[in-house]
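Asks: Chains as they are written, first to last, in the numbering used here: chain B, 2 to 112; chain P, 48 to 454. Beta carbons are placed, not taken as given, at the ideal position from N, Cα and C, and that holds for glycine.
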Amino acid sequence: MRKYQHFGVVLFACAGLFFMGCEQNSTREVEQTRETLTSWSNSLILLEEQWHEGRVPPTYVKQMLKRADKALTKIQSSTALSGEVRESAAAVQAHIHRLQNDLTTASQHGR
Amino acid sequence: VKPKQVLEIALGVVTSVGGFLEVGSIATAAQGGAMFGFQLIWPIALGTLCLIFLIEMAGRLAAVSHHPLPSVVRERFGFHYFCIPLAAESVIDLLVLASEIGGICLGLQLLTGVPFSFWALPVAFLIWLLLWRGTFGMIEYGVSVLGLTTVIFIVAAIKTHPALAKIAAGFVPTLPTHHSAQYWFLAVSMIGATISPYLVNFYSSGAVEDKWSEKDLVPNRITAGLGMSFGGTISVAVLIAAAMIFHPRGIRIDSYEQVALEITAPLGLWGYRTFALALIIACAGAALELSLDIAYVYAQGFGWRWSKNIQPAQASRFTVVYTIFVCLASLPIALGVDPLKLTMFSMAITALILPLIVLPFLIIMNDKRYLRNHCNHVLSNLVVCFVIILTAVMAAVAIPLEIFGGQ
Numbered sequence: 002m003r004k005y006q007h008f009g010v011v012l013f014a015c016a017g018l019f020f021m022g023c024e025q026n027s028t029r030e031v032e033q034t035r036e037t038l039t040s041w042s043n044s045l046i047l048l049e050e051q052w053h054e055g056r057v058p059p060t061y062v063k064q065m066l067k068r069a070d071k072a073l074t075k076i077q078s079s080t081a082l083s084g085e086v087r088e089s090a091a092a093v094q095a096h097i098h099r100l101q102n103d104l105t106t107a108s109q110h111g112r
Numbered sequence: 048v049k050p051k052q053v054l055e056i057a058l059g060v061v062t063s064v065g066g067f068l069e070v071g072s073i074a075t076a077a078q079g080g081a082m083f084g085f086q087l088i089w090p091i092a093l094g095t096l097c098l099i100f101l102i103e104m105a106g107r108l109a110a111v112s113h114h115p116l117p118s119v120v121r122e123r124f125g126f127h128y129f130c131i132p133l134a135a136e137s138v139i140d141l142l143v144l145a146s147e148i149g150g151i152c153l154g155l156q157l158l159t160g161v162p163f164s165f166w167a168l169p170v171a172f173l174i175w176l177l178l179w180r181g182t183f184g185m186i187e188y189g190v191s192v193l194g195l196t197t198v199i200f201i202v203a204a205i206k207t208h209p210a211l212a213k214i215a216a217g218f219v220p221t222l223p224t225h226h227s228a229q230y231w232f233l234a235v236s237m238i239g240a241t242i243s244p245y246l247v248n249f250y251s252s253g254a255v256e257d258k259w260s261e262k263d264l265v266p267n268r269i270t271a272g273l274g275m276s277f278g279g280t281i282s283v284a285v286l287i288a289a290a291m292i293f294h295p296r297g298i299r300i301d302s303y304e305q306v307a308l309e310i311t312a313p314l315g316l317w318g319y320r321t322f323a324l325a326l327i328i329a330c331a332g333a334a335l336e337l338s339l340d341i342a343y344v345y346a347q348g349f350g351w352r353w354s355k356n357i358q359p360a361q362a363s364r365f366t367v368v369y370t371i372f373v374c375l376a377s378l379p380i381a382l383g384v385d386p387l388k389l390t391m392f393s394m395a396i397t398a399l400i401l402p403l404i405v406l407p408f409l410i411i412m413n414d415k416r417y418l419r420n421h422c423n424h425v426l427s428n429l430v431v432c433f434v435i436i437l438t439a440v441m442a443a444v445a446i447p448l449e450i451f452g453g454q
């Protein structure tokens, strides 16, 4: 019986460690998602600046927007987003859409 | 050193500089600069130092023994042992070749807007055609001289006006203050990208093709030292430009396309086009060298007829090997595998596998039967052993941490 008690304690400790690990992993995942979103948001700002200054061609802007959209879709499909992260994702999404519209307008005006 | 040798040295240095940068060095240096500023210059410096020693040794072995490395490994250690570096090199070369094909396709995507995966098969065919039709000289000198377009990274780095004191501080290894797992993973990948085993084999096979003798030992030493140092400088320039453009803005490199921004910010539209062109040329050069390298390893190890200067029909098994490898390597890119992820993975695996390839090489370099009175000095043994073992240990720890999401 004593042997089983020890076994129970060990099992309980392992379960505790496992859940702590999961907790840490999920915190880490949220942190990484937030960093990825911030990085893409800043990338889009830099891209927009450079496009307006004529430093990059529209074809490049299109490629980058596609990439950003793909990264965002991956984030949205893989994580249960917290409120703050969801807001950041929505902001990046809005930026992508605005740049896509600007790109369409620019191509219609032959720029 | 005679005037003719000065010309050879100059050509050798240009070739080394032009052929140094490839998809792995660009990706790892840009990521390192974006995430950690100047803090990760030291892995490039350490890798370059080790590569200088390895390249010099490869040239010395070929000049003194007139044998390329794989055939000596087989002769010295026997066929069963030879299968280990053969397997290691096959895996590394295939992964890195796929990454290089991905780099060429990305360059073409940047120029045309056509997605990279559509370019994989035409690019593979063109590489194969160049290998089939081209001579060793054309591949070695032609592509490498064109590869000097990668000097654009130095121009971009200078135009960003970095603080020299901060650059100098980056040469001293320091512990990370954040994202430790990614720091070590990047450090390992950067060393793996710098010490590419294919460069060593390709250099030694080239020396045998060019019929080097003991009179070429001094030019060999100068070419290895200067060529690799200038090449390493271009890698450092990629990191500096990324550290100046991406790091202060909190941008990480999540896709290869982003790297173009570190050139366009200081250099504008012409920089964009030159970057795309440099990426295509640098990766094409590396892809040609890698395809030849794997064919050299198989042919020299199994005792088949080999040379890039004879007709494909006269070295049919040699030709079949590079044909198979080019076909296989194009598949992941044609299937849409992300070139950046593939590259980072390939570079880290290279770092892990390095001891299997380099340690037998060191034993040979200390064997008087092959090197006579030109065996390694203690310093070269110590430097190479230290860097290779340190890198492999770091890789063994950092790769699982990175895969399982450590911070």
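What does the alpha-carbon distance come out to for the pair P/V247 and P/V64?
Replies: About 15 Å.
Asks: Residues in its own chain within less than 8 Å of P/A289 by CB, not counting five upstream and five downstream?
Replies: Cβ within range, chain order: A76, A77, Q78, G79, G80, A81, I300, V306, E309.
Asks: With DSSP as the reference, label P/N423 as helix, strand or coil.
Replies: Reduced to three states, the DSSP call for P/N423 is coil.
Asks: Please name the residue in P/L87, P/V255, P/G71 whose C-alpha comes closest to that of P/S243.
Replies: Looking at the Cα atoms, P/G71 is the closest of the given residues.
Asks: What residues in the segment 262–288 of chain P have a beta carbon less than 9 Å from any beta carbon of chain B?
Replies: Residues passing the 9 Å Cβ filter: none.
Asks: Residues in its own chain within less than 6 Å of P/E55 by CB, not counting five upstream and five downstream?
Replies: So the qualifying residues of the chain are P266.
Asks: Since P/G7 and P/S164 are thought to touch, with beta carbons under 8 Å apart, how far apart are those beta carbons, to the nearest angstrom?
Replies: Here chain P comprises residues numbered 48 to 454, so residue 7 of chain P is not present and cannot be evaluated.
Asks: Which term fits B/C23, buried or exposed, when burial requires 16 or more other beta carbons within 10 angstroms of its beta carbon?
Replies: With a pLDDT of only 46 at B/C23, under 50, the local geometry of the prediction cannot be trusted, and no value is derived from it.
Asks: Helix, strand or coil for P/W231? Go by DSSP, reduced to three states.
Replies: Note: P/W231 maps to helix in three-state DSSP.
Asks: Could you compute how far the alpha carbon of P/R320 sits from the alpha carbon of P/C97?
Replies: Straight-line Cα distance between these residues: approximately 33 Å.
Asks: Under 9 Å between C-beta atoms, does P/L157 make it to chain B?
Replies: Closer than 9 Å: yes.
Asks: Would a check of beta-carbon distances place B/R35 closer than 9 Å to chain P?
Replies: Not closer than 9 Å to any Cβ of chain P, the Cβ of B/R35 fails to qualify, so no.
Asks: Can you tell me which of the three DSSP states B/H98 falls into?
Replies: The answer is helix: DSSP assigns B/H98 an H, G or I state.
Asks: Beta carbons nearer than 8 Å to chain P: which residues of the segment 56–81 of chain B have them?
Replies: So the close ones are R56, V57, P58, T60, Y61, K63, Q64, M65, R68, A72.
Asks: Taking any Cβ of chain B, which residues in the segment 319–347 of chain P have a Cβ under 8 Å from it, in chain order?
Replies: The residues in question are Y319.
Asks: Identify whether P/I450 lies in helix, strand or coil by the three-state DSSP scheme.
Replies: Residue state, collapsed to three classes: helix.
Asks: So for B/R56, helix, strand or coil by DSSP?
Replies: Residue state, collapsed to three classes: coil.
Asks: Between the alpha carbons of B/R87 and B/T105, how many angstroms are there, rounded?
Replies: If you take the alpha carbons of B/R87 and B/T105, they lie about 27 Å apart.
Asks: To be precise: take each residue of the segment 289–309 of chain P, compare its Cβ to all Cβ atoms of chain B, and keep it if any distance is under 7 Å. Which residues remain?
Replies: From the segment 289–309 of chain P, only R296, G297, I298, R299, D301, S302, E304, Q305, A307, L308 have a Cβ closer than 7 Å to chain B.
Asks: Any C-beta of chain B sitting closer than 9 Å to the C-beta of P/L406?
Replies: So no, P/L406 is outside the interface.
Asks: If you measure between the beta carbons of P/I328 and P/L193, is that distance less than 9 Å?
Replies: Yes; because the gap between Cβ atoms is below 9 Å, this pair is in contact.
Asks: Is there at least one Cβ from chain B nearer than 9 Å to P/A57's Cβ?
Replies: Answer no: the Cβ-Cβ gap between P/A57 and chain B never drops below 9 Å.
Asks: I need the DSSP call for P/I102, collapsed to helix, strand or coil.
Replies: Residue state, collapsed to three classes: helix.
Asks: What is the rounded straight-line gap between the Cα of P/G181 and the Cα of P/E336?
Replies: Spanning the two alpha carbons is a distance of roughly 12 Å.
Asks: List the residues of chain B that P/G315 touches, going by C-beta distances under 9 Å, in chain order.
Replies: Per Cβ cutoff of 9 Å: Q51, E54, G55, R56, V57.
Asks: Less than 6 Å between C-beta atoms, sequence neighbours within five positions excluded: which residues of the same chain meet that for P/I186?
Replies: Once the five neighbours on either side are set aside, the close Cβ partners of P/I186 are L335.
Asks: Where does P/H492 sit, in a helix, a strand or coil, going by DSSP?
Replies: In the structure displayed, chain P extends from 48 to 454; residue 492 of chain P sits before or after that span and is not available.
Asks: With a CB to CB cut of under 6 Å and the five nearest residues on each side skipped, what residues in its chain are close to P/A203?
Replies: Contacts found: A288, I310, P313, L314.
Asks: Which of the three DSSP states is assigned to P/D340 in this structure?
Replies: Reduced to three states, the DSSP call for P/D340 is helix.
Asks: Once DSSP output is grouped into helix, strand and coil, what is the label at P/L418?
Replies: The answer is helix: DSSP assigns P/L418 an H, G or I state.
Asks: P/G253 lies in the alpha helix (DSSP H); which residues open and close that run?
Replies: Counting along the chain, the alpha helix (DSSP H) containing P/G253 begins and ends at 244–256.
Asks: Determine the chain P residues that contact B/T39 at a beta-carbon separation under 8 Å, and present them in chain order.
Replies: Residues of chain P passing the Cβ test: G297.
Asks: Looking at C-beta atoms only, is the number of pairs between the segment 339–359 of chain P and the segment 158–172 of chain P that lie closer than 8 Å three or more?
Replies: These segments do not touch.
Asks: So which of P/L58, P/K49, P/V53, P/P379 has the shortest CA-CA distance to P/V190?
Replies: When only C-alpha atoms are compared, the closest one is P/L58.
Asks: Quick check on this structure: which residue in P/I435, P/L68, P/L429 has the alpha carbon closest to the alpha carbon of P/F200?
Replies: It is P/L68.
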